[in-house]
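A short worksheet on the structure shown next.
Number of protein chains: 2
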Amino acid sequence: MPSPGKPARSSAVISSRENRWLKEFRVALRGGLPTESGAVGVEGVRLTEEALGSGCRIEAVLFSETGRRHHARLAPYLDREEIAFPILNTTDRLFEGIADTEHPQGVAALVEPKKFSFDDIVRPAISGASPLLIVLAGLQDPGNVGTILRTAAAFGATAAITSASGQSGTTSPFSPKALRASAGAALHLPILPGPSLAILLAQLSSSNIRTLASSLRDSADQPALAPWEINWCEPVALLVGNEGLGLPEEIERSADTRIRIPMATGVESLNVAAAAAVLFYEAARQRNVLSTT
Amino acid sequence: MPSPGKPARSSAVISSRENRWLKEFRVALRGGLPTESGAVGVEGVRLTEEALGSGCRIEAVLFSETGRRHHARLAPYLDREEIAFPILNTTDRLFEGIADTEHPQGVAALVEPKKFSFDDIVRPAISGASPLLIVLAGLQDPGNVGTILRTAAAFGATAAITSASGQSGTTSPFSPKALRASAGAALHLPILPGPSLAILLAQLSSSNIRTLASSLRDSADQPALAPWEINWCEPVALLVGNEGLGLPEEIERSADTRIRIPMATGVESLNVAAAAAVLFYEAARQRNVLSTT
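Okay, here's the thing in structure tokens:
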């Protein structure tokens, strides 16, 4: 294996150990699948920096020849005695074959997202913080999933739960597309791959967390509240549903409160990530977690 | 050409006129380009319905064999004496070759977006409404452009302006991807393809419209205001910038006000469409245009 200072010049000199790593990176980045040990791939200097700073276990870092120029920015994390992962080098050509993006920056990492239990999720690490959870139920678009996590983190959410809704699960928040859209928030915000929605509602209820179902419709016996009519300072979990279908009616019915963003007449609905942004903004304003500096 | 009731069974019987139409649809849908007469393509029953109801000039409507089952939903627009456009039929196989989506619904239309002047834009059609404009400056992602238009329409924006920022223009709001993300709002909300940002700022200023630059940074001499510190009831134009770079510093400096959404500490920025949603929600709440029914 070449030393960090001397990038590999040709694929012909690749060792079998190096080849194994390249395969792992390819599965994680281009394939979008976790490696056998459960690591996911991140690509680009910004996301790699986020991964290195997240406190998650790093499995390996990979530079291409041109990617080496980003080493300086990552040096605070890499140039240390005690790092427990290999820093690998490859050619630009091989990196392009591994990457998921069209014009890769030549930096990538394999990172193992932290695992959380339901108890971790309902007891926020920040002492005194009341849980503010986002439940993603049956979301199909990795861009929406990532954007919602990014927004949730920006507005002080304490954790996220992904859950299946009806026939459809929620797409992984750790796929390359979702990770990019999250701008790394998926590695910082605690995320729990949740059980089915019905079980989850029961669990949240027994933890005294109020469930708010983001709704597309009004119901005669349970009218939807506007965002500003909710007390966001108490422990709450906001449930958002599938892009086209919303939440299943029975879930909206079992949740503590229906919530609906008022809109100009004639408009049917908002994009789910835009709706989540509006609701979390309202929560953050009430909770006073916003910093203007 | 087959009658509306009898879909074409084979590509071998296609007339040259029909063939010309199929080519137009292919350019607009798969190619994502306007036709020679300036029409854009929309696909799917929902978007076609939006197009037919938008008041825009329709050039043609196309059904595939299986797409014919959506005819009933569109009948109020199609089954009329006075319609001035052809309703065409093709095979499923040919439709798939024309469509931009993987599993097309078999319904599409060519629609000519309305054209607006700067004067139209600054004098909203709804009498008494104070202009609430969104200026998209250098946005590259059609999903973001469409989502922002959808959100703007939902929160009572009166018009949108697309503008170039630095080296980069804003991607067309009428590409198939942007139209889909806008859920048809791009055909309802007046949109002006704007001049350069510097000229636009001068035009808005001489029309007494306050320019708000959505900012990623604070500036010592011009601190950014929080969304709730703005008076959204006066005539305002909100400027949002490129996904990675934001607005150019000189534009933020020349705008009347910098505006920044406060965030939890440690988070750098929001997705541009999420930020726009939050700001327009604030505007809509102040303007009281929201309907809860």
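For the protein sequence lines, the chains are Z and Y, in the order given. The numbering used here puts the first residue of the first sequence at 1, with every later residue one more than the last. The numbering used here puts the first residue of the second sequence at 1, with every later residue one more than the last. All C-beta atoms in this analysis are idealised placements derived from N, C-alpha and C, irrespective of residue type, glycine included.
In angstroms, rounded to a whole number, what distance separates the CA positions of residue i and residue j?
i	j	result
Leu-225 (chain Y)	Pro-262 (chain Y)	9 Å
Thr-48 (chain Y)	Leu-74 (chain Y)	8 Å
Val-107 (chain Z)	Thr-90 (chain Z)	10 Å
Thr-158 (chain Y)	Ile-58 (chain Z)	49 Å
Gly-194 (chain Y)	Ser-205 (chain Z)	51 Å
His-103 (chain Y)	Glu-43 (chain Y)	11 Å
Ala-276 (chain Z)	Arg-253 (chain Y)	31 Å
Ser-3 (chain Z)	Ser-64 (chain Z)	Low local confidence applies: a pLDDT of 48 at Ser-3 (chain Z) is under 50, so the model's placement there is unreliable, with the coordinate-based value given in what follows. Their backbone Cα atoms lie some 13 Å apart in a straight line.
Lys-114 (chain Y)	Ala-202 (chain Y)	25 Å
Ser-117 (chain Y)	Leu-187 (chain Y)	16 Å
Arg-17 (chain Y)	Arg-68 (chain Y)	20 Å
Asp-119 (chain Y)	Ala-152 (chain Y)	20 Å
Glu-96 (chain Y)	Gly-53 (chain Y)	25 Å
Leu-94 (chain Y)	Gly-169 (chain Z)	33 Å
Val-278 (chain Y)	Tyr-281 (chain Z)	7 Å
Lys-6 (chain Y)	Gly-41 (chain Y)	Note that Lys-6 (chain Y) scores 47 on pLDDT, short of 50, meaning its location in the model is unreliable and no value can be drawn from it.
Pro-86 (chain Z)	Leu-189 (chain Z)	26 Å
Arg-285 (chain Y)	Phe-155 (chain Y)	9 Å
Gly-38 (chain Y)	Leu-149 (chain Y)	20 Å
Pro-34 (chain Y)	Ala-129 (chain Z)	52 Å
Lys-23 (chain Y)	Glu-112 (chain Y)	17 Å
Met-1 (chain Z)	Leu-88 (chain Z)	No answer about Met-1 (chain Z) holds up, because its pLDDT of 44 lies below 50 and its placement is not dependable.
Ala-181 (chain Y)	Pro-76 (chain Z)	40 Å
Leu-270 (chain Y)	Ala-164 (chain Y)	21 Å
Leu-29 (chain Z)	Ile-134 (chain Z)	26 Å
Thr-258 (chain Z)	Val-122 (chain Z)	For the sequence presented, residue 258 (chain Z) should be read as Arg rather than Thr. Each residue's alpha carbon lies about 21 Å from the other.
Glu-36 (chain Y)	Gly-166 (chain Y)	29 Å
Val-272 (chain Y)	Leu-245 (chain Y)	11 Å
Asp-221 (chain Z)	Ser-207 (chain Y)	48 Å
Asp-92 (chain Z)	Arg-46 (chain Z)	19 Å
Ala-213 (chain Y)	Asn-231 (chain Y)	14 Å
Glu-229 (chain Z)	Leu-192 (chain Y)	36 Å
Cys-233 (chain Z)	Thr-171 (chain Y)	40 Å
Answer with buried or exposed for residue i, where buried requires no fewer than 16 other C-beta atoms within 10 angstroms of its C-beta.
i	result
Asp-100 (chain Z)	buried
Arg-9 (chain Z)	Caution applies to Arg-9 (chain Z), whose pLDDT of 45 falls short of 50 and renders its modelled position unreliable; the value that the coordinates give is listed next. Flag for Arg-9 (chain Z) reads exposed.
Asp-79 (chain Z)	exposed
Thr-162 (chain Z)	buried
Gly-184 (chain Y)	buried
Ser-15 (chain Y)	exposed
Pro-248 (chain Z)	buried
Gly-143 (chain Z)	buried
Ala-283 (chain Y)	buried
Ala-178 (chain Z)	buried
Thr-292 (chain Z)	Per-residue confidence for Thr-292 (chain Z) stands at a pLDDT of 49, beneath the threshold of 50, marking its modelled position as unreliable; no derived number is given.
Thr-211 (chain Y)	buried
Asp-141 (chain Y)	buried
Ile-83 (chain Y)	exposed
Ala-274 (chain Z)	buried
Thr-265 (chain Z)	exposed
Gly-146 (chain Z)	buried
Arg-199 (chain Y)	The sequence given here has Ile at residue 199 (chain Y), not Arg. So Ile-199 (chain Y) counts as exposed.
Ser-241 (chain Y)	First, the amino acid is wrong: residue 241 (chain Y) is Gly here, not Ser. Counting Cβ neighbours within 10 Å, Gly-241 (chain Y) comes out buried, since at least 16 surround it.
Cys-56 (chain Z)	buried
Glu-268 (chain Z)	exposed
Asn-288 (chain Z)	exposed
Glu-50 (chain Y)	buried
So residue i and residue j are in contact, right, with Cβ under 8 Å, and what is the actual spacing, rounded?
i	j	result
Leu-139 (chain Y)	Glu-243 (chain Y)	7 Å
Ile-209 (chain Y)	Pro-227 (chain Y)	With 8 Å as the limit, Ile-209 (chain Y) and Pro-227 (chain Y) do not qualify as a contact, their Cβ atoms being about 18 Å apart.
Arg-26 (chain Z)	Ile-98 (chain Z)	5 Å
Leu-110 (chain Y)	Ala-60 (chain Y)	5 Å
Gly-32 (chain Y)	Pro-176 (chain Y)	5 Å
Ile-251 (chain Y)	Leu-239 (chain Y)	7 Å
Leu-196 (chain Z)	Arg-260 (chain Z)	Here residue 196 (chain Z) is Ser; the residue named in the question, Leu, does not match the sequence. Incorrect: roughly 24 Å between the Cβ atoms, too far for contact.
His-71 (chain Z)	Gln-105 (chain Z)	Rounded, the Cβ-Cβ distance is 12 Å, inconsistent with contact.
Any C-beta of chain Y within less than 9 Å: which residues of the segment 250–277 of chain Z qualify? Here the close residues are Arg-260, Ile-261, Pro-262, Met-263, Ala-264, Thr-265, Gly-266, Val-267, Glu-268, Ser-269, Leu-270, Asn-271, Ala-273, Ala-274, Ala-275, Ala-276 and Ala-277.
Could you name each continuous beta strand (DSSP E) segment of 3 residues or more that falls completely within the segment 11–50 of chain Z, going from the start of the chain to the end? DSSP runs (the beta strand (DSSP E)) wholly in the segment 11–50 of chain Z: 40–43.
Going along the chain, which residues of the segment 147–166 of chain Z sit with their C-beta nearer than 8 Å to a C-beta in chain Y? Flagged, chain order: Thr-147, Arg-150, Thr-151, Ala-153, Ala-154, Phe-155 and Gly-156.
Runs of alpha helix (DSSP H) lying entirely within the segment 57–110 of chain Y, each at least 4 residues, in chain order: The segment 57–110 of chain Y is shown to contain whole alpha helix (DSSP H) runs of 4 or more residues at 71–78 and 92–98, in chain order.
Residues from the segment 134–148 of chain Y in contact with chain Z, defined by Cβ distance under 7 Å: Answer in chain order: Gly-143 and Thr-147.
Every unbroken alpha helix (DSSP H) within the segment 109–164 of chain Z, with a cutoff of 4 residues, ordered by chain: Counting only runs of 4 or more, we get 118–122 and 142–154.
Return the residues of the segment 71–83 of chain Y that lie within a Cβ-Cβ distance of less than 8 Å from chain Z, sorted by chain order. The segment 71–83 of chain Y vs chain Z, Cβ under 8 Å: nothing.
Any alpha helix (DSSP H) of 4 or more consecutive residues that is wholly inside the segment 189–222 of chain Z: You should have 197–206.
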